[in-house]
Amino acid sequence: MAHTPLYKRPVDLIYFTWFLVNIPITLCIDMQHVYPKHLVPEQLKNVMVDYMERSSDPVTLGAFGLIGNPGQYTWCIVALYLEFFLQLPIFFIGLWGLWKASARINILILIYGVSTATIVLACVATILAVPTTSDLTINAGIASVTDEQRALLLKCYLPYLIVPTVMTLDMGWRMLKLVDAGLKATKKRDLKSR
Numbered sequence: 001m002a003h004t005p006l007y008k009r010p011v012d013l014i015y016f017t018w019f020l021v022n023i024p025i026t027l028c029i030d031m032q033h034v035y036p037k038h039l040v041p042e043q044l045k046n047v048m049v050d051y052m053e054r055s056s057d058p059v060t061l062g063a064f065g066l067i068g069n070p071g072q073y074t075w076c077i078v079a080l081y082l083e084f085f086l087q088l089p090i091f092f093i094g095l096w097g098l099w100k101a102s103a104r105i106n107i108l109i110l111i112y113g114v115s116t117a118t119i120v121l122a123c124v125a126t127i128l129a130v131p132t133t134s135d136l137t138i139n140a141g142i143a144s145v146t147d148e149q150r151a152l153l154l155k156c157y158l159p160y161l162i163v164p165t166v167m168t169l170d171m172g173w174r175m176l177k178l179v180d181a182g183l184k185a186t187k188k189r190d191l192k193s194r
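FYI, in full-length UniProt numbering the residues of the sequence shown are 1 to 194.
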């Protein structure tokens with residue numbers, strides 16, 4: 001059976017583009033903490049260092065062990081491994097399923113949306129909770145961000161909260177419709193067999 005082309009399914013096209021764009025970001029930037037350090041090219045290390053210097057991102061700095069007490073940012077490291085072992089494979093499988101218009105992919109996209117939105121919500125909460133840089137935070141050596149850095153961080157993180165949340169709601173709705181259709185078909189079959 002022929003499927004509707006991706007360009008005629010604008011929401012799926014957005015999801016497809018999201019997954020496609022996030023594969024290199026995940027592999028080249030986010031996974032630097034997971035890879036053995038000697039395997040990360042110097043240029044990619046420099047991109048990460050530049051980002052951390054410009055943003056003072058408490059989540060990334062915590063994951064790299066550059067701020068906080070030992071164990072305080074363990075959740076960040078767990079999130080990176082979740083991204084590598086769960087979300088990255090879903091990107092590839094999602095691309096295939098979206099291309100083929102397969103309803104079977106809905107559950108994986110739902111899982112991606114829920115896991116990503118949950119993690120990023122914790123990241124956004126951390127960014128909002130970090131104090132604003134002042135003489136007091138500087139003198140006390142407390143991790144902080146300027147208003148400009150906080151705005152930059154929110155620009156970086158909020159799409160990763162919004163798009164996966166929309167995916168979660170959309171895929172949940174699609175799954176509900178599939179379940180309803182299945183229940184109706186089962187009920188109809190049961191009535192015919194009586």
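Glycine included, every Cβ here is placed at the ideal spot set by N, Cα and C.
For residue i, is the classification buried or exposed, using 16 other Cβ atoms within 10 angstroms of its Cβ as the cut-off for buried?
{"i": "Leu153", "result": "buried"}
{"i": "Val179", "result": "exposed"}
{"i": "Tyr35", "result": "exposed"}
{"i": "Phe92", "result": "exposed"}
{"i": "Pro131", "result": "exposed"}
{"i": "Asn22", "result": "buried"}
Can you check whether the CB of residue j is closer than 7 Å to the CB of residue i?
{"i": "Ile109", "j": "Met31", "result": "no"}
{"i": "Phe19", "j": "Gly94", "result": "yes"}
{"i": "Ala143", "j": "Pro58", "result": "yes"}
{"i": "Thr186", "j": "Ala101", "result": "no"}
{"i": "Val124", "j": "Tyr157", "result": "yes"}
{"i": "Thr146", "j": "Thr137", "result": "no"}
Between the C-alpha atoms of residue i and residue j, what's the straight-line distance to the nearest angstrom?
{"i": "Val120", "j": "Lys192", "result": "49 Å"}
{"i": "Met52", "j": "Phe85", "result": "24 Å"}
{"i": "Ile105", "j": "Tyr15", "result": "12 Å"}
From the DSSP output, in three-state form, read off residue i for me.
{"i": "residue 213", "result": "Outside the shown range of the chain (1 to 194) lies residue 213, about which nothing can therefore be said."}
{"i": "Val47", "result": "helix"}
{"i": "Val145", "result": "strand"}
{"i": "Thr165", "result": "helix"}
{"i": "Thr4", "result": "coil"}
Please check the pair residue i and residue j, which I expect to be a contact at CB under 8 Å, by giving their CB distance rounded to whole angstroms.
{"i": "Leu88", "j": "Thr26", "result": "5 Å"}
{"i": "Trp75", "j": "Ala122", "result": "7 Å"}
{"i": "His33", "j": "Ala63", "result": "6 Å"}
{"i": "Thr165", "j": "Gly113", "result": "7 Å"}
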